[in-house]
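Worksheet: the structure to be examined is printed underneath.
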Amino acid sequence: MEQQAMMNKPHYNILDGLRGVAALLVVWYHVFEGFAFAEATNGAGEGLIKTFNHGYLAVDFFFMLSGFVISYAYDSRWQGMSVGKFFKRRLVRLHPMVIIGAIIGTIAFCIGGCSNWSGETASWYNIAVAAILGMLLLPAIPGCSNDVRGNGEMFPLNGPSWSLFFEYLGNIIYALFIRRLSTKWLKVTAIVLGLLFGYFAITDMSGYGSIGVGWTLDKMNFTGGLLRMLFPFTVGMAIRRTLFAYNGTKESNSSFSLKAKGISKSWAFMASTVILILMFSVPFLGVEESFSMNGLYEFCTIALVFPLIIIMGAGAGNELQSTNGKRIDTISNFLGRLSYPLYIIHYPIMYLLYSWMIKEEVYTLSQGWPAVAAAITVILIVAILSMKLYEFVENILKRRL
153 MEQQAMMNKP HYNILDGLRG VAALLVVWYH VFEGFAFAEA TNGAGEGLIK
203 TFNHGYLAVD FFFMLSGFVI SYAYDSRWQG MSVGKFFKRR LVRLHPMVII
253 GAIIGTIAFC IGGCSNWSGE TASWYNIAVA AILGMLLLPA IPGCSNDVRG
303 NGEMFPLNGP SWSLFFEYLG NIIYALFIRR LSTKWLKVTA IVLGLLFGYF
353 AITDMSGYGS IGVGWTLDKM NFTGGLLRML FPFTVGMAIR RTLFAYNGTK
403 ESNSSFSLKA KGISKSWAFM ASTVILILMF SVPFLGVEES FSMNGLYEFC
453 TIALVFPLII IMGAGAGNEL QSTNGKRIDT ISNFLGRLSY PLYIIHYPIM
503 YLLYSWMIKE EVYTLSQGWP AVAAAITVIL IVAILSMKLY EFVENILKRR
553 L
């Protein structure tokens, strides 16, 4: 009965597609991060990312989407589902790719010579410890022996796993506390978290001049990462509960729809994609002693623009059975399936590209576009293969557990 109820719920396929778009934009952002990193490592400049500066905000978009989807999928199911069963379902959904990503990260690190950015070779023991902890999603402490890349990352073999660490925390907090809140108190919670996160961003508490925090346990990163996850997560939940309350039927599932206003799935998808690209492309806006214009911009993007994108995507694309928009449904479905594998496996390959950029002193796309094109091609191939393996493993686990 529980599975049948879930099958009857309309699928927000446009949101799936936008998650895939955001994952692609993360890959593109990391290309330019590599140029800046190589420049700084070689002492050839300040190491500022000159293009696609705000691509890391895709992670905040992921967190908001997660809040929406988790609320939609599970809010109505708690009478027949225990906390333990919820955790088991989420582990089956998330953890296979965590393990696959850690394995790919270990292989890439070994291909790169098993050395950190300072040229020191890591021992096989420390690499094995880092790999096992990565598979278990247990973070490394900066400077410890299993920080094999020497960059202070939570997960030195596969950096983006940090966001999965906070995603797991979000799921735990949801299951134990947030799901119990009424919609009114959920909104109050989101506002309070927004004020805290806004203060963190605008006063530059991280010292980075941005909200690009959470990837390490150093300094304010854990606090910032927790706020960075909780605020958009609760906003996503509030949007779902307020505007998209499921009433038990496929064709009439929410109190808000853009379809009645003549806005198609294709238009919503394309408009949302363009908005994401534009918001991520704004140059770094600067930081003064006690005020970060850059932090203000990023907070406003998360607090104002991302909710509008989610409302537009869900409002225009909440009926898979519609006779219109079949092509965009197909595209969105594929991008949604690809998004998680692409996000979690791309960075180990980027590490290899970064090493090449440093060695060859490549600091711009015009210099390095052939290698960038080759790396992205490899990333897409590995992501598609990982997607197939992930779906195979997930289906087996669902049947057996």
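Heads up, the sequence shown is in our numbering, so the first residue is 153 and it goes up one at a time. All C-beta atoms in this analysis are idealised placements derived from N, C-alpha and C, irrespective of residue type, glycine included. Computed from a predicted structure; not experimentally measured.
Anticipated Cβ contact below 8 Å, residue i with residue j, distance rounded
i, j, result
"G186", "Y506", "5 Å"
"D370", "G447", "At roughly 19 Å, the Cβ-Cβ gap does not stay under 8 Å, so D370 and G447 are not in contact."
"F421", "G366", "F421 to G366, Cβ: 28 Å. No contact."
"V179", "I531", "6 Å"
"A466", "F396", "6 Å"
"P248", "Y499", "About 18 Å; that fails the 8 Å criterion."
Candidates the options, of which the one nearest residue i by Cα
i, options, result
"G207", "F220, S223, Y181, K417", "Y181"
"A353", "S424, W276, F443, L532", "F443"
"V300", "P459, W276, E319, V179", "W276"
"K161", "R229, P294, I533", "R229"
"I463", "D481, N446, R392", "R392"
"D227", "T516, G359, L328, L290", "L328"
"N310", "I501, E512, I429", "I501"
"C452", "I363, A468, G219", "I363"
"I255", "W508, V244, L289", "L289"
"L176", "G488, N268, L348, L553", "G488"
"G304", "V530, N373, L243", "N373"
"G302", "P312, S270, S313, N278", "S270"
"V281", "G264, N268, I263, T258", "T258"
"E556", "S491, F215, I536, Y360", "It is not possible to answer for residue 556, since the shown part of the chain is limited to 153 through 553."
"E191", "V514, A527, T529", "V514"
"A188", "L553, M509, S518, I528", "M509"
"T193", "K511, Q519, G520, T516", "K511"
"R245", "L348, M431, G265, V221", "V221"
"I343", "L379, I461, L209", "L379"
Cβ-based burial, residue i [other Cβ within 10 Å; buried from 16]
i, result
"G322", "buried"
"I548", "exposed"
"F385", "buried"
"M287", "buried"
"S223", "buried"
"P308", "buried"
"I284", "exposed"
"T368", "buried"
"F544", "exposed"
"K336", "exposed"
"T425", "buried"
"G169", "buried"
"P522", "exposed"
"A527", "buried"
"I454", "buried"
"R98", "In the structure as shown, the chain starts at 153 and stops at 553, and residue 98 therefore has no counterpart that could be examined."
"S297", "exposed"
"G197", "exposed"
Other residues of its chain near residue i: CB distance less than 6 Å, five sequence neighbours each side excluded
i, result
"L382", "L345"
"Y449", "L437"
"S109", "Nothing in the structure corresponds to residue 109, since the chain is present only between 153 and 553."
"S315", "V211"
"F261", "L309"
"E403", "With a pLDDT of only 44 at E403, under the threshold of 50, the placement of this residue in the model should not be trusted; the figure read from the coordinates follows. Hits under 6 Å: none found."
"V534", "I497"
"F458", "F213, M216"
"T184", "The question names Thr, yet the displayed sequence has Phe at residue 184. Once the five neighbours on either side are set aside, the close Cβ partners of F184 are I201, T203, F204."
"N268", "R301, G302"
"R242", "N323"
"K339", "A390"
Any non-hydrogen atom of the ligand FAD closer than 7 Å to residue i Cβ
i, result
"G322", "Absent from the structure shown: the ligand FAD. Ligands present: none."
Same chain, Cβ closer than 8 Å to residue i, five either side skipped, listed in chain order
i, result
"T341", "I330, L333, T386"
"S433", "T203, F204, N205, H206"
"G376", "F352, M357, S358, I363, V365, G366"
"V439", "D356, G361, M445, N446, G447"
"L490", "G172, A175, A535, I536, M539"
Short CB-CB distance (under 8 Å) between residue i and chain D
i, result
"A260", "Looking for chain D here will not work: only one protein chain is present."
7 Å CB neighbourhood of residue i in its chain, flanking five on each side removed
i, result
"P435", "N205"
"I483", "G169"
Using 8 Å as the cut-off, can you tell me whether the stretch 229-244 makes contact with the stretch 318-332, which would need three or more C-beta pairs spanning the two stretches below that distance? yes
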